[in-house]
Structure formats: structure tokens, C-alpha cells
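Residue numbers (the numbering used here): 1 to 410. Idealized CB from N, CA, C, for every residue including glycine. Let me begin by presenting the structure, written as C-alpha cells, before commenting on it.
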């Protein structure tokens, strides 16, 4: 099978010019996490049949595949071609050619979302408190609410004692219920840094009256400070908008350049076969299962910001978000826009026939080759956790050296 080559410089040019490209790392996740270009998306060759349909919805999208010398390119190209993809090229020389060209190599997973989070903190000086400072507030019975923005299953596995589960995109929607008194300090935490930075800044951007801070370094920082964790909790914050939250969320989206579309405009985007379009419902799973707009995949907003390379691996694609309450879609869209996506919010549309039922189960990475995140569980060594933080702290400078991101921060 003849697979046309493309040089690292040509790939970089496509990224700089905001052209559509799906740059696919064909290795297992654990191998990909050892190093890859910033906007490479991991799609292990053995997962292509399971993942490509949802992650690469346009059959003629430009796809560039690469490995690190394992010989995976021919098999991947054959599998993609069998699925109907027509524009498949390979990175000439693979990962080593990218390195030899002098272009940046990023480690870990969800790297560009994590780099973006560090850029947000750097530019907005997102406030945070150390684990020791938060523990002291709790010990003194200060008026504090700790909101855990991770997935509910992550929260149930381990959480800061007394915290509530409020997944990221739910923060602005639920802050008025969990902390109705403006005198209450809200502490936002995740497992590490990214989601707590984005969550904290979301509440600040939306104008919540409370003091809002991130728990610096999340549950990893809490563990390194020898603070106890709780296991098996299931405490959730109810819906309670703070004053003006809907209008403020929309204003945040507007400032980020997000546009709102009616169903007719979305239909026009759907008819445009020259561009990749992702349609994503950012509500919680139970809301989606109860009734969703046909054609929209489920991806809760707080996770979508961090896992955008998994949900929408085509760099330069269009994204349309939907949410029956608007707030979650507006806040999520505001972040994706700052990450240089062309992103829209669908207005209304929940007064028509909806589909009922859960989304298809997402394929899991091969557990034997899955990258073990240092922030999962409590088994990682202190050295591994600290090394992870040292890497994250250096991401802003690495973004500057890479130069392809196009991110901005409102």
C-alpha cells in the first residue's frame, strides 16, 4: 500500500495555519506518553476500528500517522482505508524526524490541555492555597466549601474529607446551592492541577461573589502533605445558580468569541462536508440518558476541556456544544475557544423529540499498555508525584518554544 509521506515541517505548517489535521500516534498509550508532538492524538493501531468512527467523523479529513520505529504505519493505514478514510499520509521519519527537526516533544497524556491550564494560571494568576493552608482552615472550622471537579468515579475513589462532588462544568450551575453565602470560601480541587485551575478560574470569570481558590496540586499535593483522604464518598452539590449566573456565563462565552446558533445554522454546518464537525452534549450522564438531541455525543464539559484531544482529535475542527440549561455549554465553550477551536453553542432545541438512553460505552485502552497517571490512587511514589509537578510547571516555557498552539486567555 502506497502511503504518501509528509514532512515534520509540513505538519507544523498545517498547525500554524489552523488547517484541519488529525496527527495520530499509533503506539500504545503508555508509549505515546513518553513523548509526542503537542497536538498528536493517541489512537493505538489496535483501537482504530473501535475509535475512528466517533473520533474522526469526516472520512476525507487529512490524517497523518506516525510511530517511533515500531512498524505500525502500514497496518494503521490499511485499517483506516478499510473504514473509508481517503486522505492518509505518514510522518516521514516518524517521531525521530520530528525530534531531529528541532520541534518540541511533550510527555504525558492530555498534554496540550494541561499546558493550556498552566498558561491560564500564569496569565490570570489564578489564586490557590497549599494543602497545609486548606487543612488549617478545616481544622479551625472556617466557612469553607471544598468542591471536587473530577469525574464522580474519581471522587468516590478518594477525596478530600468533607468535600462535595461538583464536576467541572457544573460549578457555575451549582455554586449558588453549595455556597449560597458570599462569605463562604470555595476551594476547588482535582487530582493535580489542570481541572482545579480551570474550575477556579471559571467561577472567577463568571463573577461569583465568593472568594474562590484552587487547592494547589490537588489530591496529589494533599497526599504529599501527609493529609488523610476519604474513600467511597457520594456527596453531590445540588443545582442553585448564583445571581446573574446564566447571563454571566453567556458573557464569558461572548468574550472568548463563542457564537450561539439556532438549529438551522447547525444544520448548515452539518451540510458542510469540507469541515470536521463535532457535536457534543456536555451535561452529566444521567441528564443525557434521560433525553438528548439526536446526533450529539456525550462528553461532560469539565472532562471535555482536559480530554479534548481524546474527544476531538482533529485540530482545526468545528465544535458545537449543547446543554439544556446553557450555563455548562457556555463555560465549556469559553475554554475551548481560548484553546483556538472554532466552537459554537446550540440554542434551545430541547422542545423537540429527544433520544433516550445512555451513550455507547467508550472503548478502553488496553490495560496492559495504559499509561498509569501519577495522580491516580495513592500508590504513586512521592518522587513520581513531584516529577509530575516539575513537568507541569515547565509547560508554559515549552509552549513558547513550540509556538504552534494559538492559545489566548481572556
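Check, Outcome
"Secondary structure of residue 263, DSSP reduced to three states", "helix"
"Beta-carbon gap between residue 3 and residue 77 smaller than 9 Å", "yes"
"Segment contact flag, the stretch 130-139 with the stretch 175-184, C-beta cutoff 8 Å, min 3 pairs", "no"
"Residue 338 vs residue 195 beta-carbon contact at 9 Å", "no"
"DSSP-derived helix/strand/coil call for residue 390", "helix"
"First and last residue of the uninterrupted alpha helix (DSSP H) at residue 155", "152-157"
"Where the beta strand (DSSP E) through residue 90 begins and ends", "88-91"
"Closest by C-alpha distance to residue 329, when choosing among 252, 267, 147, 312", "252"
"Where the beta strand (DSSP E) through residue 63 begins and ends", "63-66"
"Delimiting residues of the alpha helix (DSSP H) encompassing residue 376", "First-last for residue 376: undefined, no H or E at that position."
"Three-state class that DSSP yields for residue 148 in the structure shown", "strand"
"Chain-order list of residues whose beta-carbon lies under 6 Å from that of residue 185 (same chain, five-residue window excluded)", "144, 211"
"Unbroken beta strand (DSSP E) run spanning residue 322, endpoints", "318-322"
"According to DSSP, residues forming a beta bridge with residue 96", "None; residue 96 has no bridge partner."
"Per-residue burial, residue 270 [other beta carbons within 10 Å of its own, 16 or more giving buried]", "exposed"
"Under the three-state DSSP convention, the category residue 411 falls into", "Absent from the model: residue 411. The displayed extent of the chain is 1 to 410, so no value can be given."
"Boundaries of the beta strand (DSSP E) in which residue 189 is found, first to last residue", "185-189"
"Whether residue 24 touches residue 66 by CB criterion (9 Å)", "yes"
"The stretch 103-121 contacting the stretch 396-410, beta-carbon criterion three pairs below 8 Å", "yes"
"Whether residue 40 touches residue 131 by CB criterion (9 Å)", "no"
"Beta-carbon proximity check, residue 297 vs residue 285, cutoff 9 Å", "no"
"Extent of the continuous beta strand (DSSP E) to which residue 22 belongs", "22-25"
"Buried/exposed call for residue 239, threshold 16 Cβ in 10 Å", "exposed"
"Cβ pair residue 336, residue 260 closer than 9 Å", "no"
"Proximity of residue 29 and residue 191 at Cβ, strictly below 9 Å", "no"
"Distance between residue 340 and residue 384 (C-alpha atoms, nearest Å)", "32 Å"
"First and last residue of the uninterrupted alpha helix (DSSP H) at residue 314", "Counting along the chain, residue 314 falls outside any alpha helix (DSSP H), and DSSP gives it neither H nor E."
"Cβ neighbour criterion (16 or more within 10 Å) applied to residue 47", "buried"
"Own chain, CB closer than 7 Å to residue 437, minus 5 neighbours either side, in chain order", "Residue 437 lies beyond the stretch modelled for the chain, which goes from 1 to 410, so this question has no answer here."
"Check whether residue 156 and residue 8 have beta carbons under 9 Å apart", "no"
"Closest by C-alpha distance to residue 199, when choosing among 214, 308, 208", "214"
"Residue 218 classed as buried or exposed, judged by whether at least 16 other C-beta atoms fall within 10 angstroms", "buried"
"Residue 107 vs residue 33 beta-carbon contact at 9 Å", "yes"
"For residue 150 and residue 168, the rounded distance between their alpha carbons", "7 Å"
"Residue interval of the beta strand (DSSP E) (run including residue 281)", "277-281"
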